[in-house]
Every structure is written in structure tokens, then in C-alpha cells.
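Enquirer:
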Amino acid sequence: MGKKEVNRNIYLSHWDALRYWQVPFIDAHFDLDDLRGGNIHMTVFDYKARRRKKGYRIHCCTLDVPAKYLRHDERAGIHVVAPAFAYLQVVSDLDKHERILLGKLLCAYPDGLYSEPLVTVKELLVCAEEMKWHRGRKKALNALKYAKDGSNSPREALIHMLLSLPHALGGANLQDLVMNYEIRVAPGLLAPGESGIYYADYALPEEKILIEFDSRTYHSSREAREADERRARILQLNGYDVYSLTTEQVEDPIELQRVVDEISHGRLRRRRRIRARRFWEMRLRLQALLTDRPPSDEVAGDVDRYVAYCEEREARLELERHSVMSLFLGPIRWGFAKWKWNRDMLRRVAAEIRQCLAVGRQLGERIYRRSYPVRSVPIGAPG
Numbered sequence: 004m005g006k007k008e009v010n011r012n013i014y015l016s017h018w019d020a021l022r023y024w025q026v027p028f029i030d031a032h033f034d035l036d037d038l039r040g041g042n043i044h045m046t047v048f049d050y051k052a053r054r055r056k057k058g059y060r061i062h063c064c065t066l067d068v069p070a071k072y073l074r075h076d077e078r079a080g081i082h083v084v085a086p087a088f089a090y091l092q093v094v095s096d097l098d099k100h101e102r103i104l105l106g107k108l109l110c111a112y113p114d115g116l117y118s119e120p121l122v123t124v125k126e127l128l129v130c131a132e133e134m135k136w137h138r139g140r141k142k143a144l145n146a147l148k149y150a151k152d153g154s155n156s157p158r159e160a161l162i163h164m165l166l167s168l169p170h171a172l173g174g175a176n177l178q179d180l181v182m183n184y185e186i187r188v189a190p191g192l193l194a195p196g197e198s199g200i201y202y203a204d205y206a207l208p209e210e211k212i213l214i215e216f217d218s219r220t221y222h223s224s225r226e227a228r229e230a231d232e233r234r235a236r237i238l239q240l241n242g243y244d245v246y247s248l249t250t251e252q253v254e255d256p257i258e259l260q261r262v263v264d265e266i267s268h269g270r271l272r273r274r275r276r277i278r279a280r281r282f283w284e285m286r287l288r289l290q291a292l293l294t295d296r297p298p299s300d301e302v303a304g305d306v307d308r309y310v311a312y313c314e315e316r317e318a319r320l321e322l323e324r325h326s327v328m329s330l331f332l333g334p335i336r337w338g339f340a341k342w343k344w345n346r347d348m349l350r351r352v353a354a355e356i357r358q359c360l361a362v363g364r365q366l367g368e369r370i371y372r373r374s375y376p377v378r379s380v381p382i383g384a385p386g
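Residue numbers (my numbering): 4 to 386.
1. Should ILE43 and GLY58 be called a contact, given that it needs their Cβ atoms to be closer than 8 angstroms?
2. Applying the criterion that 16 or more other CB atoms from any shown protein chain within 10 Å of the CB defines a buried residue, is VAL306 buried or exposed?
3. Going by C-alpha to C-alpha distance, which of TYR205, LEU121 and GLY199 sits closest to ALA160?
4. Check this for me: beta carbons of ASN183 and ASN155, under 8 angstroms apart or not?
5. With distances taken from CA atoms, which of LEU172, TYR72, PHE88 and LEU15 is nearest ARG60?
6. Nearest to PRO86 by CA position, among HIS32, LEU330, GLU317 and ASP19, is which residue?
7. Using DSSP with H/G/I as helix, E/B as strand and the rest coil, what is PHE282?
8. Put PHE216 into one of helix, strand or coil per three-state DSSP.
9. Assuming MET134 contacts LEU73 (C-beta within less than 8 angstroms), just tell me the rounded distance between them.
10. Express the C-alpha separation of THR46 and GLU265 in angstroms, rounding to a whole number.
11. Since ASP152 contacts CYS110 with CB under 8 angstroms, what's their CB separation in whole angstroms?
12. On a CA-only basis, which of ASN241, ASP34 and LEU349 is nearest GLU284? Give me that one, please.
13. Would you mind stating whether GLN389 and VAL327 have Cβ atoms separated by less than 8 angstroms?
14. Within 10 Å of its beta-carbon, does MET4 have 16 or more other beta-carbons around it, so buried, or fewer, so exposed?
15. Alpha carbon to alpha carbon, what distance is there between LEU105 and ARG281?
16. Among ALA171, GLU229, GLN239 and ARG364, whose alpha-carbon lies nearest the alpha-carbon of ALA203?
17. Hey, out of ASP231, ILE186, TYR201 and PHE216, whose CA is closest to GLU209's CA?
18. Starting from the Cα of THR294, find the closest Cα among THR250, ARG274 and GLU258 and give me that residue.
19. For GLY115, list the residues DSSP reports as bridge partners.
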């Protein structure tokens with residue numbers, strides 16, 4: 004039996020590989036420069052090929068990696084690991100929600116419904132199953148239980164997480180929810196020139212429930228509103244129940260829960276029951292992924308604008324904490340108030356409410372903080 008050939012190539016890997024593959028929408032939620040730590044990450048598969056070089060971080064993998072996960076870009080003259088293997092390499096850098104989100108983005112459509120994704124959930128699962136003893140394998144397999152193909156945007160992927168994840172991860176537990184579900188409409192219901200093929204943003208196919216996300220404001224054009232109403236009527240005539248979500252409802256935990264209750268409790272007749280003590284903590288983390296954004300370089304470089312950004316962010320977080328902790332009547336209703344995180348957050352929310360009452364401020368109203376002394380002027384006196 005011949006001696007196994009040694010692979011002494013150096014492969015672009017980890018976050019640098021994901022940047023090379025141009026994962027759709029990844030910059031919307033992942034700061035690649037920060038995650039890279041200022042280094043270019045490379046992987047070798049032979050210890051003798053390992054080198055020290057400033058600005059590079061060389062990883063050594065001793066596992067038997069199938070050739071399909073090791074690519075060679077002849078035009079650029081570099082070796083790079085495949086997207087599925089790069090996912091395994093980076094999952095340990097992320098929390099639970101970020102792992103799921105990254106899996107969804109890897110399987111997203113880069114240029115609309117008819118474009119080819121980098122990889123599918125099935126291919127990610129196959130890679131994780133094959134790479135036994137890899138340190139990211141277990142975390143990847145757990146995250147990929149909730150990843151789905153077919154996302155068109157990062158916001159679409161996050162809303163799917165909010166609606167479909169189990170209560171233990173802060174979601175609404177609408178299991179089997181699919182994205183961009185294709186519906187073929189009976190020809191007799193169509194106007195001349197219509198194709199008869201519709202795509203619902205989210206669907207529960209077995210229950211014939213559709214959820215449409217309208218990212219436009221309430222001041223959409225009349226033509227757009229009429230088109231949406233006609234589309235909803237056609238889908239209803241085909242036996243589907245259509246629910247709509249706006250940006251305002253998605254970003255407000257209480258409003259989103261009302262829509263979910265209408266579907267889950269009203270339409271599906273499911274009982275409201277929370278058995279996961281970490282539901283409120285996980286729901287706040289999901290909310291942060293949805294609404295929390297770092298300031299732009301332009302804002303961060305201007306003291307006044309950065310202070311205003313911090314004030315608005317703190318006010319929003321205060322209101323979100325109060326809204327999330329009141330979902331399902333809060334942890335006290337379900338007997339989880341003694342768990343440390345829930346107890347501490349309930350105390351914090353109560354203290355914020357007392358502070359608001361003491362100064363006559365509404366929850367979520369900005370608290371103005373100034374870094375310079377303000378000259379007091381008596382009421383009625385000239386400035």
C-alpha cells in the first residue's frame with residue numbers, strides 16, 4: 004500500500020475564507036475585521052508546513068479532510084477551504100443565535116429567488132457529519148437544526164428566526180415555517196397577463212397559513228396597497244389565511260407577539276405555555292440582533308452625533324427590556340422569577356419604572372446627557 008501523499012498547501016480559512024466566498028449579506032450583522040482579529044487566517048494540514056509570519060494566524064488541522072472541501076483558485080493562485088468547512092471553523096467564535104443566522108446567510112439567495120446559493124443546509128449538515136472530531140462540529144449540528152434555505156435578505160432571515168425558533172431560543176415556536184413558499188393560483192382567478200405564481204414570505208404549508216412582511220411604511224402608495232390587497236384576496240380564495248407584518252410590528256416585541264398569538268392561539272388552537280426559563284433572555288438577544296446596530300464611521304467620528312446615538316440607543320433598549328419582560332405575563336407567571344437572570348432583569352426593569360415615575364419621564368424617552376456644564380436660567384429670564 005502506497006504512502007499517503009502529504010498536503011503541504013496553505014489554505015485561506017475561517018473568516019477570511021467566508022470573505023473570499025462573498026457570503027450574501029454577511030456584513031449586515033458580522034464585523035469581519037473585528038472577528039478576524041487583525042490577522043489573515045490560514046490553515047495547513049501538515050505540521051511541517053506551519054510558519055510564523057506577522058499579520059497571519061496559521062492553524063494546523065490534523066483531520067483527514069475530504070478533497071471536496073479544499074479548493075484551488077487557479078486564476079488568483081490561492082488555495083481556500085470550501086464554505087461548508089469554513090462554517091465549521093468559525094462557529095465557535097459565535098453565540099447560538101449568530102451560528103443560526105450565519106448558517107441561513109450561507110444558504111441565502113445572493114441575487115433573488117432564481118440565483119444559486121453558495122451552499123445548502125443539507126451540504127452544511129453533510130460536512131458537519133463527515134468531519135468527526137472537529138471542534139466546531141457539535142455546535143454546528145445544533146445550529147443547523149434551525150437553519151433554512153431560501154432567505155432573500157438578512158432581515159428576512161432574522162424574522163424567520165423570531166417566528167420559528169423554539170421558546171428555549173427566544174422564538175415564537177412556529178415550527179415548520181418555510182421562507183419564500185411558492186403558490187400556484189388557479190387560472191380563473193387571475194387578471195390578464197398575470198403568471199399565477201406567487202411567493203409568500205413565510206408559510207406553514209400544512210396549515211395553509213401565509214405571513215407577508217411589508218417593509219414599506221404605512222404611507223405606501225395607493226397602487227402598492229391595492230396590489231397587496233388584490234394579492235391577499237386571491238390567496239384567500241385559494242384557501243390560505245394571510246397575515247401581514249410591518250417593520251413597526253416586527254421591531255416591537257409586544258406587537259409581534261399579538262400577531263403570533265392570533266396565528267398560534269387563535270388559528271392553530273395551541274395553548275400558551277412557556278417551559279423554558281431562558282425564554283426572556285434569549286428573546287432579548289434576538290431583539291438585539293434585529294434592532295441594535297453599531298454607529299457608522301461618520302457618526303462615531305462626531306461627538307454630538309455619537310452622544311445622540313447613545314441616548315437614542317439607551318432609550319430604545321430600556322423600552323425593549325420592559326416589553327420583552329412583559330411577554331406572556333413575564334417570568335413570575337410561569338414560576339421562573341427565582342432564576343438569577345430573570346430575577347436581576349425584573350429588578351432592573353422595576354428600578355427603571357420607578358425612576359421614570361420619579362422624574363415624570365415615559366419609558367423609552369431619551370435621557371439627555373451632556374458632557375459640559377449647562378448655565379441655569381431662571382424661568383422667564385432672558386437667555
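Positions of the beta carbon are idealized from the N, C-alpha and C atoms, including for glycine.
Expert: In short, the structure shows the following:
1. Working through the sequence shown from its first residue, we reach residue 43 at position 40. Working through the sequence shown from its first residue, we reach residue 58 at position 55. Going by C-beta atoms, ILE43 is nearer than 8 angstroms to GLY58.
2. Counted from its first residue, the sequence shown places residue 306 at position 303. With fewer than 16 Cβ atoms within 10 Å of its Cβ, VAL306 is classed as exposed.
3. Indexing the sequence shown from 1 puts residue 160 at position 157. For ALA160, the nearest C-alpha among the options comes from TYR205.
4. Translated into the one-based positions of the sequence shown, residue 183 becomes position 180. Translated into the one-based positions of the sequence shown, residue 155 becomes position 152. A contact, by the Cβ cut-off of 8 angstroms.
5. Translated into the one-based positions of the sequence shown, residue 60 becomes position 57. Ranking the options by Cα distance to ARG60, first place goes to LEU15.
6. Residue 86 sits at position 83 when you count from the first residue of the sequence shown. With distances taken between Cα atoms, PRO86 lies closest to ASP19.
7. On the sequence shown, position 279 is the one that residue 282 refers to. Helix, per DSSP.
8. Your numbering for residue 216 matches position 213 in the sequence shown. In this structure, PHE216 counts as strand in the three-state DSSP scheme.
9. By 1-based counting over the sequence shown, the position of residue 134 is 131. By 1-based counting over the sequence shown, the position of residue 73 is 70. With 8 angstroms as the limit, MET134 and LEU73 do not qualify as a contact, their Cβ atoms being about 12 angstroms apart.
10. As a first step, residue 265 must be located in the sequence shown, where it is residue number 262. As a first step, residue 46 must be located in the sequence shown, where it is residue number 43. Distance between the alpha carbons of GLU265 and THR46 is about 50 angstroms.
11. As a first step, residue 152 must be located in the sequence shown, where it is residue number 149. As a first step, residue 110 must be located in the sequence shown, where it is residue number 107. Confirmed, about 5 angstroms.
12. Numbered from 1 along the sequence shown, position 281 holds the residue referred to as residue 284. Ranking ASN241, ASP34 and LEU349 by Cα distance to GLU284 puts LEU349 first.
13. Residue 389 falls outside the range modelled here, since the chain spans only 4 to 386, and no answer is possible.
14. Counted from its first residue, the sequence shown places residue 4 at position 1. Confidence is the limiting factor: at MET4 the pLDDT is only 46, short of 50, which leaves the residue's position unreliable, though a coordinate-based value still follows. By the 10 Å Cβ count, MET4 comes out exposed.
15. Taking the first residue of the sequence shown as 1, we reach residue 281 at position 278. Taking the first residue of the sequence shown as 1, we reach residue 105 at position 102. In a straight line, the C-alpha of ARG281 is about 22 angstroms away from that of LEU105.
16. Along the sequence shown, read from residue 1 onward, the residue named residue 203 stands at position 200. Of the listed residues, the one whose Cα sits closest to ALA203 is GLN239.
17. Start at 1 with the first residue of the sequence shown, and residue 209 comes out as number 206. Ranking ASP231, ILE186, TYR201 and PHE216 by Cα distance to GLU209 puts ILE186 first.
18. Sequence index remark: in the sequence shown, residue 294 carries index 291 (1-based). Closest option to THR294, Cα to Cα, is THR250.
19. Within the sequence shown, numbered from 1, the residue matching residue 115 stands at position 112. The partner list for GLY115 (beta bridge, DSSP) reads PRO113.
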